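For reference, the structure discussed in these notes is given below.
2 protein chains.
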Amino acid sequence: MQERLILISNDDGISAKGLDSLIRIAQPYGKIVVVAPSTTQSGKSHSVSLTTPIRYEIRHSSKNLEKYVLFGTPVDCVKGALTKILPRKPDLMLSGINHGSNSAISVVYSGTMGAAIEASFYGIPSIGLSIVTHDLDADFETIEKTAPALIEKVLKQGLPDQVSLNVNYPVTTPEEFKGFKICSQTKSYWYEDFEETVDIHGNKSYFQHGHLVNMEPENPNCDENALAENYAAIVPVRADFTEYKMIDKLKKWNL
Amino acid sequence: MQERLILISNDDGISAKGLDSLIRIAQPYGKIVVVAPSTTQSGKSHSVSLTTPIRYEIRHSSKNLEKYVLFGTPVDCVKGALTKILPRKPDLMLSGINHGSNSAISVVYSGTMGAAIEASFYGIPSIGLSIVTHDLDADFETIEKTAPALIEKVLKQGLPDQVSLNVNYPVTTPEEFKGFKICSQTKSYWYEDFEETVDIHGNKSYFQHGHLVNMEPENPNCDENALAENYAAIVPVRADFTEYKMIDKLKKWNL
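Chain order of the listed sequences is A and B. Per the working numbering, the first sequence starts with residue 129, numbered consecutively. Per the working numbering, the second sequence starts with residue 129, numbered consecutively.
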């Protein structure tokens with residue numbers, strides 16, 4: 129039987145602690161090829177490098193693990209892996225573990241989920257994993273103990289074509305952890321603030337930072353609220369933006 | 129009555145011909161504030177600048193038109209406009225006219241639609257407009273003649289909270305143009321190729337280019353196929369990635 133091939137990427141870059149944790153989680157399940165960005169790509173969403181060329185370098189090669197750094201976005205990493213680096217289509221794609229939440233509307237901005245969603249386009253079962261803290265030294269013990277059960281289920285059951293899983297973990301000890309909850313994406317948006325900074329020439333510029341506005345705080349079945357209850361939230365994700373229930377209304381506009 | 133305020137952005141940058149065309153289309157409907165990226169942001173999707181500060185400069189100011197250039201992504205432009213530049217929430221947001229198709233799965237990669245979708249998060253009726261050619265000198269005559277009817281409908285009827293319209297135009301003369309068709313997003317993916325280029329030090333790098341694989345070529349109601357029939361395709365868009373029909377299946381996994 130052919131050895132299982134697993135592609136791993138992330139958006140925090142090749143040096144992130146969350147990437148090392150994900151490699152440890154995945155190693156029992158097959159040969160791992162990491163193709164990760166050289167630097168942080170947080171907030172890069174589904175972006176692709178179209179006007180600049182993409183370069184990659186091998187950084188590690190042993191029997192069951194190869195690591196490549198790619199100078200581009202997380203989606204570039206998946207495209208580069210599938211087009212140039214991997215010997216064949218992988219059996220599984222894992223993205224993360226992201227340092228920071230990708231629940232609710234954050235999925236739209238997420239490079240981690242950009243990579244997972246890109247892999248799903250080619251019929252590769254894919255999972256994006258995140259923890260809801262930006263702490264670079266986050267504790268991944270709960271994830272390392274519980275994610276294998278999820279990975280085994282995905283390997284056994286598969287996922288529908290073009291569907292991936294967006295999995296967000298709360299910050300908890302294994303004892304406090306309530307388990308997985310299947311959820312919908314929380315209706316929400318980011319309220320933005322722009323913090324002014326002035327350079328040595330007196331020019332103003334702005335760092336954006338904000339907070340999530342949860343538009344359905346009473347819904348127990350959406351990811352943001354499941355996380356608040358110490359569940360890991362699993363949202364099945366498909367990048368079909370169509371608002372189907374609006375189609376008939378628009379037809380009545382008689383354009 | 130307060131004058132109508134219209135925000136315009138794009139992903140081809142402040143100098144694009146498509147932006148000038150959209151300003152001409154919108155000018156009868158109110159005061160226009162353009163906040164557009166300094167350079168091309170094609171393929172930037174919903175990305176935001178998180179690790180670099182955002183700067184903007186005014187470029188033009190007259191009674192009914194202000195133009196700002198912003199050094200960031202299309203979504204940064206919308207966030208900057210709403211947070212720092214505009215005196216109040218605009219009544220309408222227009223994005224484009226993009227030089228290149230944003231139909232089918234391209235909506236996921238599109239900076240043009242990133243900006244339109246971002247505006248919809250704040251309850252601003254928004255429309256992204258594209259023409260299916262990358263020609264920088266594209267002919268926008270058909271769009272300039274027909275888009276006003278669509279804009280007037282949106283101004284009159286509004287759009288639901290967090291819904292925007294993704295409008296793609298074929299390359300046609302006004303005579304060949306068949307009118308608008310309300311569509312779903314074509315199930316599809318991009319087949320990628322990586323074209324090798326070698327720098328003066330002998331290092332290889334790659335430009336990605338590909339073609340869209342249409343997974344539902346017989347569906348008359350999806351955007352890609354409507355465009356092939358010389359219709360302008362209108363897809364109502366909501367950035368809810370949840371694959372609802374998968375939720376019950378996942379619950380049966382008993383994780």
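No residue lacks a Cβ here, since even glycine has one placed at the ideal position from N, Cα and C. This structure is a prediction, so every number in the text was calculated from the model and none was measured.
Within chain D, partners of residue i - CB distance below 9 Å
| i | result |
| --- | --- |
| ILE375/A | Going by chain labels, chain D is absent from the structure shown, which instead holds the protein chains A and B. |
DSSP three-state assignment for residue i, whether helix, strand or coil
| i | result |
| --- | --- |
| ASP267/A | coil |
| ILE252/B | coil |
| PRO288/B | coil |
| LEU359/A | Residue identity differs from the one stated: residue 359/A is Tyr in this sequence, not Leu. Looking at TYR359/A - three-state DSSP - the assignment turns out to be coil, as it is neither helix nor strand. |
| VAL203/A | helix |
| PRO99/B | Here chain B covers residues 129 to 383 and nothing more, so residue 99/B does not appear. |
| GLN336/B | strand |
| GLU320/B | strand |
| SER223/A | strand |
| ILE375/B | helix |
| VAL365/A | strand |
| ILE142/A | coil |
| SER231/A | coil |
| LEU178/A | coil |
| SER137/A | strand |
| GLY171/B | coil |
| GLY208/A | helix |
| ARG152/B | helix |
| GLY444/B | With chain B covering 129 to 383 only, the question about residue 444/B has no answer from this structure. |
is_contact[residue i, chain A] using C-beta, thresh 8 Å
| i | result |
| --- | --- |
| PHE305/B | no |
| PHE268/B | no |
| VAL299/B | no |
| ILE233/B | yes |
| TYR359/B | no |
| LYS212/B | yes |
| LYS379/B | yes |
| GLN130/B | no |
| LEU133/B | no |
| LEU383/B | yes |
Minimum Cβ-Cβ distance from residue i to chain B less than 8 Å
| i | result |
| --- | --- |
| ALA367/A | yes |
| ARG183/A | yes |
| ALA277/A | yes |
| GLU371/A | yes |
| VAL391/A | This structure does not reach residue 391/A, given that chain A is present from 129 up to 383, and the question cannot be answered. |
| LYS191/A | no |
| THR179/A | yes |
| PRO288/A | yes |
| ALA207/A | The identity of residue 207/A in the sequence shown is Lys, whereas the question assumes Ala. Closer than 8 Å to some Cβ of chain B, the Cβ of LYS207/A qualifies, so yes. |
| LYS281/A | yes |
| VAL295/A | no |
| VAL260/A | no |
| LEU222/A | no |
Bridge partners - residue i, DSSP secondary structure assignment
| i | result |
| --- | --- |
| ALA277/A | ALA277/A is not bridged to any residue. |
| CYS350/A | SER312/A |
| ASN331/A | DSSP, once it has assigned bridges, lists no residue as partnering ASN331/A. |
| LEU193/A | ILE160/A and SER190/A |
| SER184/B | Residue identity check: residue 184/B is Tyr in the sequence provided, not Ser. Looking at the DSSP assignment, TYR184/B forms a beta bridge with LEU198/B. |
| TYR297/B | ILE259/B |
| ASN342/B | SER316/B |
| THR325/B | SER333/B |
| THR370/B | VAL365/A |
Presumed contact (8 Å Cβ cut-off) between residue i and residue j, rounded CB distance
| i | j | result |
| --- | --- | --- |
| ASN192/A | ILE160/A | 6 Å |
| LEU114/A | LEU222/A | Absent from the model: residue 114/A. The displayed extent of chain A is 129 to 383, so no value can be given. |
| ASN296/B | VAL260/B | 6 Å |
| HIS227/A | ALA144/A | 7 Å |
| TYR184/B | VAL203/B | At roughly 14 Å, the Cβ-Cβ gap does not stay under 8 Å, so TYR184/B and VAL203/B are not in contact. |
| PRO298/B | ASN230/B | Between ASN230/B and PRO298/B the Cβ distance is about 13 Å, and since that is not below 8 Å, they are no contact. |
| THR240/B | GLY256/B | 5 Å |
Residue i Cβ short of 7 Å to the ligand GDP heavy atom set
| i | result |
| --- | --- |
| GLN130/B | Summarising the ligand content, the structure contains no ligands, and the ligand GDP is consequently not present. |
Between the segment 321 to 344 of chain B and chain A, which residues of the former have a C-beta closer than 8 Å to a C-beta of the latter?
ASP321, PHE322, THR325, ASN331, LYS332, SER333, TYR334, PHE335 and GLN336
Within 7 Å of chain A by C-beta, residues of the segment 155 to 176 of chain B in sequence order:
THR168, SER170, GLY171, LYS172, SER173, HIS174, SER175 and VAL176
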